[in-house]
Every structure is written in C-alpha cells, then in structure tokens.
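To keep things clear, I will list the structure first and then write my remarks on it.
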DNA sequence: TGCCTGTTCTTTCTGCATTAAAAACAGATT
DNA sequence: AATCTGTTTTTAATGCAGAAAGAACAGGCA
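Residue numbers (the working numbering), protein chains in the order written: chain A, 1 to 306; chain B, 307 to 612.
Below, the structure is given as structure tokens:
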C-alpha cells in the first residue's frame, strides 16, 4: 500500500522549524504551515496530531503552541522520508553504477523487487525512467538490458553535451550586464577560488561547484530539452564521480582552473575564446571519465573499496 | 489481468503466412515459426492450438499441415493486436494532440482510466513516457500538467533539432561513396520526384518521405541521444501534421523541393551549402508548424473537422 | 548429436484494492 | 469578508494477484 514518506518528511521539517523556538510559542496556522512546508493541509493536520500525541505540541482551545523542545530521537530516520520510488531510484543507481554490473547484462524486475524490497510496480516505473538515461533498454515481455556506461556511451553524451553547452554560452553572453546571472557567475568564481585555496581539504566540494557553473549556463537557454539532458548528465556524473578516487585532488584542481579560464572568457563575451575554453574543458572532462572507465574495467571488483 | 495481444498479433501474422499456401502443405516447425514471427514458442503453440481448434490447421501424428485456406473473418481485429499500453499511447496522443485540449490544463489518471477503459497502472506508465516528450509534467501526489504544443515549445524543439541535424550532416558526408546510405539517399530522392510528379494525388505521401530522409541523416550519427530526440520529433510531427489541412498540398511541394536541394548539397559534400539548405528547410518547417498552431488557436474547436 | 514436441517454471503485464495525500466543502470565529 | 479548523470526497502511490508470454528442462526420434 501507499507509504507515508510525505508525512514523515513533513514531520521532520516541522520539527526543524520548531527546534529553536522557546516552549510556549504559538504555532502558525495550518494553512501557513502547509504553504511553508509545501504539503497539503491534510498532511499538516496529521503531523500536528502526531506532534500532540508525542507531547511536543499542546493546544488550548483552537490555538496550538510548542509544549517542549523537540530532540533528535523525535525525528524519523532520513531513509523513511523518501517515497518508495525515489528510494529505489537512488539505491538502484548506486548499486548499478558503483557495483560491479557490466554492460550487456540482463536485469529482471521480479528479482530487483526481491532484492530492494519493493513491489514490481514501483520497479517497472523507475526502470522506465532510466531508459531515457540511455542506461537501460526495455525488451517487451522480457528482461531489461543494461547498456552500461561504456566508452562509446560517454562519447555520445559528450558529443551532445558540447553542442548544448556551446549553444548555452551564446544565450548566456546575451544577458545584459545587470542580469542576476552575472552576479551568480561571480559568486561561482569566488566559490572556485575558495576551494582552490584549501584544495587538500576541500577538493570534495568540486562536484557541487561544477554542477553550479554548468547548470547556470544551461538554464540560460530556457530550453527544456537542453535542461532535461543536463539533468541526465548531472545525475550520471554524480554517481560516477567516485569511480576513480586516486587522483581526485589533481583532477579537481585541473577542472577548477579550466573553469576559471572559462569564466574569464565568458566575461569578455568573445565567442572564439569562449568556444575554445569550453571545448578544452569538456574534452578534459570526457577524457577523465573515459580514463575512469578503463581503470575500472581493469580493476577486479574485489580490489575496489566501494 | 494481462491481455493477449501478442497471441492475437501472432495469430494474424501466422494466418498471413499461410494465406497463399495450398491446403495440405506441411507447416514449419514450432521453432522456425517462433523465430520467423519473433515470439516465443509458448505463444506459437497457443496459436497453433487455436488454428487446429478452428480447423485451419490439421495434424497427423506430430506433423501439422494446412487444412483449409484462412479467410478474412478468421483474423482478430487490428485493435486487439496492440498491448494495453501501446493502444492507450496511440489513442491518447490522438486525443490530446488532435482534440481540443489546451496548454495548462490538468489531467488526472483516474479519469483517463475511465475514459480509455484501461487501468490506472497502464495510464501512469504511459504518461511517464510523455514527460520525456516535454508534453506533460508530473506534479507529485497530484495531477499531470499538459504543457501543450505552444509556439515556445516548437521553438525549443527546432532549436535542438537544427543543432542535431547539422551535426548529422557532418557524419553523413563522411561516409565513403560506397556506403549503403548513399544508395538509400538516391532512393529517397527518387521517391521525392515520384511524389512531385503526381502531387495532387500523392502529396499525402510526403510525411513518410520526410521521415525517411531525416531519419537516415540522424541515424548516421550513431548517437543514441540524437536518435532518441528524433523519435520524439517524428512522433509529434506524425500527430500534428494534419492540424492545418488547407494548404497541405502546397506545403508538401515546398518541403519536397527544399529536400531535393538539400540532397543535392549533401552530394557535393560542401558543408557551407549543406548548412544553408538544412537551415533553410528547418526554418520553413518550423514556421509552418507555428503557423498551424496559430491557425488552430484561432479556430473554434467546433469548426474543425477532426 | 541435433532437432522436435511436451511440460514445467519463471517473469512480465495489467487490473484491482488499500492507504496516503490532496482537494473540495462547510461551519465557526475574528 | 477573510481566515481558521473540522469533515468529506477524490485521486495518486504502491503492493498484490491472476493470466499471458518467455525460458528452461526433458524425453523421443531421425
């Protein structure tokens, strides 16, 4: 039956809002809370009822107030705040991209359902989404084929990515100097410099900075297909980034420097130099990923500390 | 419960194979038939059993033979040879793209299930696919938003389409002269000339010819993301082509001529002129579609003879 | 041995049931 | 009038069950 992840996540987020208020503070109205937590009033009412049950919230007449400060054990575990589908999606991607599954292998929904403890209905719906990622292929009335992240796959992705990103830079530099995107770009540049300044400590922050820069460029196109594709790329990157941890620090440094050059070029609005920096950066990134794949293919699964 | 569309489609296709054989002819083995019809032996056996039941196939010992020639009423209706999902997909696209549904309207799965007579499970799975088309947007725990084919949507599609098609021409002209694609291109050119020669009679054949030309170009990239995008474009084009039937003949003529110029340019392998023809054709096509949208928006639904 | 058919087992497809969440409705209170 | 809370009605999320399709197994015959 339907899980209650929305309730649990709402409950946790509600506790978070109450955490720093002194006991006795009156609570906002149900409507206000529903709006703030972005869930329906029905669910807020369920949350508030549960909070009263636990003695965190009290009420005098119609008015609710905070009865005692919430503590850590009052929260639901994070894992339970994801819907069945979202939870499966995350665990599946981790399992298939970070485990030792190889291209060409077959997957069947019944076994995945057993393995992940959800119903085949949920599995089917999620696997269908991954078809769009190019990761899986559906064979009617039969299993799913795992296409895998092969060298060929990465070439195809980067081929499209280069077209889209070059196109995105053209939209970006058309923005007037006063547009908020330029301020955001400055903030991104600052973030880059901060990471570089303490590289040994902070290189793990690189993926977030990378995402921030490329996303703002893609968003400037306002094109849903380009953005949709970038979301796929970002997801895959998220799960494959840790494939090769050996020289992560060095790779991050290189990419950060390339980004800074790229940002400089964007500021000049000179299309030739922008194109050059963009291409250079994407080629490095592509080569890095291909390198990871090859390293990975050469490493027996048991030697990986995943 | 699960439908038996595979069985029915197999049954029909099996009849088709038997149609022109004289009674008494021995049938191929189960394995051979399964391979030929691309279904499992289990299903073939069910088909053969049904054929025996109806007296179309007889058997003496282990050997089956054709007992009587199959007739038209022996077949299942075509509508029943599609799986629930495939049938819904087709009817839904027709309904939403050719009916008078407007951008911004909400769709709910429960009502669609009632309207189309299938289960919500099937509906949900299919609607998820259309998200990928950019047509629908899912709002968790709530209805689906129909984004519609707006002018903005078409601009975004053609923006990407131009990038991909220009890219595709570069792959295409790298093929050696001896590659089969060039022969196919000649055949396509011939098809175009044939249609143009009897335009008044044959202009309705244009969409198929259009599909054939653009598809062979996109296929030459060997890039799954480009091909996947083209499949979306082709589907949308299929269902929107008839929006404005008034000057269909004239529009087809223009497009056919542009295609012929485009094909000539491809043969020269001169990238500049290819790019020019490609862009010109896509701009015409984009403008035509936008025109249809505007005509359509201005026409009250009742006046349309859909 | 290799291919055929009969049989059994497994997996997908798809309708349905149940619960969570949203949305609509209604009276009450400021 | 506007906003609040209590109640009822709809709809989406998701597990499950039954039938169809696929896959594997097994004995028999050339």
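Ideal Cβ positions, reconstructed from N, Cα and C, are used throughout, including at glycine. Quick caveat, the model's predicted, so the values are computed rather than measured.
So residue i and residue j are supposed to be a Cβ contact under 8 Å. How far apart are they, rounded?
| i | j | result |
| --- | --- | --- |
| residue 580 of chain B | residue 591 of chain B | Actually they do not touch by this definition, with Cβ atoms about 16 Å apart. |
| residue 217 of chain A | residue 258 of chain A | Going by Cβ atoms, the distance from residue 217 of chain A to residue 258 of chain A rounds to 14 Å, so no, they are not a contact pair. |
| residue 153 of chain A | residue 123 of chain A | Wrong, their Cβ atoms sit about 23 Å apart, outside the cutoff. |
| residue 290 of chain B | residue 224 of chain A | Since the first and last residues shown for chain B are 307 and 612, residue 290 of chain B lies out of range. |
| residue 352 of chain B | residue 313 of chain B | 6 Å |
| residue 65 of chain A | residue 22 of chain A | That pair is no contact at about 10 Å. |
| residue 212 of chain A | residue 188 of chain A | 5 Å |
| residue 132 of chain A | residue 438 of chain B | 5 Å |
Quick check: what's the CA-CA separation for residue i versus residue j?
| i | j | result |
| --- | --- | --- |
| residue 600 of chain B | residue 480 of chain B | 40 Å |
| residue 271 of chain A | residue 163 of chain A | 14 Å |
| residue 403 of chain B | residue 412 of chain B | 14 Å |
| residue 366 of chain B | residue 373 of chain B | 11 Å |
| residue 612 of chain B | residue 38 of chain A | Because the pLDDT of residue 612 of chain B is 44, which lies under 50, any placement of that residue in the model is unreliable, and the question is left without a value. |
| residue 126 of chain A | residue 444 of chain B | 14 Å |
| residue 321 of chain B | residue 210 of chain A | 59 Å |
| residue 499 of chain B | residue 555 of chain B | 15 Å |
| residue 168 of chain A | residue 235 of chain A | 19 Å |
| residue 2 of chain A | residue 399 of chain B | 29 Å |
| residue 222 of chain A | residue 171 of chain A | 9 Å |
| residue 545 of chain B | residue 423 of chain B | 22 Å |
| residue 376 of chain B | residue 574 of chain B | 53 Å |
| residue 43 of chain A | residue 129 of chain A | 28 Å |
| residue 326 of chain B | residue 347 of chain B | 23 Å |
| residue 262 of chain A | residue 181 of chain A | 15 Å |
| residue 246 of chain A | residue 95 of chain A | 21 Å |
| residue 63 of chain A | residue 73 of chain A | 26 Å |
| residue 244 of chain A | residue 296 of chain A | 7 Å |
| residue 448 of chain B | residue 391 of chain B | 22 Å |
| residue 214 of chain A | residue 231 of chain A | 11 Å |
| residue 490 of chain B | residue 484 of chain B | 11 Å |
| residue 9 of chain A | residue 80 of chain A | 8 Å |
| residue 291 of chain A | residue 77 of chain A | 38 Å |
| residue 361 of chain B | residue 421 of chain B | 38 Å |
| residue 457 of chain B | residue 319 of chain B | 42 Å |
| residue 381 of chain B | residue 317 of chain B | 8 Å |
| residue 36 of chain A | residue 91 of chain A | 29 Å |
| residue 228 of chain A | residue 408 of chain B | 23 Å |
| residue 543 of chain B | residue 237 of chain A | 33 Å |
| residue 186 of chain A | residue 283 of chain A | 24 Å |
| residue 249 of chain B | residue 140 of chain A | Nothing in the structure corresponds to residue 249 of chain B, since chain B is present only between 307 and 612. |
| residue 147 of chain A | residue 335 of chain B | 34 Å |
| residue 51 of chain A | residue 31 of chain A | 17 Å |
Using CA coordinates, which residue listed in the options is at the minimum distance from residue i?
| i | options | result |
| --- | --- | --- |
| residue 156 of chain A | A:74, A:189, A:233 | A:233 |
| residue 226 of chain A | B:315, B:467, B:443 | B:467 |
| residue 310 of chain B | B:323, B:504, B:389 | B:389 |
| residue 566 of chain B | B:347, B:446, B:583 | B:583 |
| residue 110 of chain A | A:121, A:104, A:49 | A:121 |
| residue 406 of chain B | B:371, B:434, B:455, B:419 | B:455 |
| residue 144 of chain A | A:62, A:212, A:203, A:112 | A:112 |
| residue 204 of chain A | A:242, A:146, A:292, A:28 | A:242 |
| residue 24 of chain A | A:58, A:48, A:198 | A:58 |
| residue 158 of chain A | A:104, A:289, A:296 | A:289 |
| residue 255 of chain A | A:287, A:54, A:146 | A:287 |
| residue 108 of chain A | A:230, A:191, A:136 | A:136 |
| residue 513 of chain B | B:557, B:589, B:446 | B:557 |
| residue 220 of chain A | A:190, A:17, A:176 | A:176 |
| residue 559 of chain B | B:585, B:543, B:586, B:503 | B:503 |
Tell me the residue span of the beta strand (DSSP E) that contains residue i.
| i | result |
| --- | --- |
| residue 62 of chain A | Taken as a continuous stretch (DSSP letters only), residue 62 of chain A belongs to no beta strand (DSSP E), as it is neither H nor E. |
What is the residue span of the alpha helix (DSSP H) that residue i lies within?
| i | result |
| --- | --- |
| residue 307 of chain B | First-last for residue 307 of chain B: undefined, no H or E at that position. |
| residue 513 of chain B | 512-525 |
| residue 80 of chain A | It is not in any alpha helix (DSSP H) - residue 80 of chain A carries neither H nor E in the DSSP assignment. |
| residue 254 of chain A | 248-268 |
| residue 498 of chain B | 486-503 |
| residue 544 of chain B | 530-546 |
| residue 31 of chain A | 30-37 |
| residue 359 of chain B | 347-359 |
| residue 590 of chain B | 577-604 |
Handout entry: Minimum length 4: unbroken alpha helix (DSSP H) runs contained in the stretch 404-469 of chain B
Key = 415-422, 426-438
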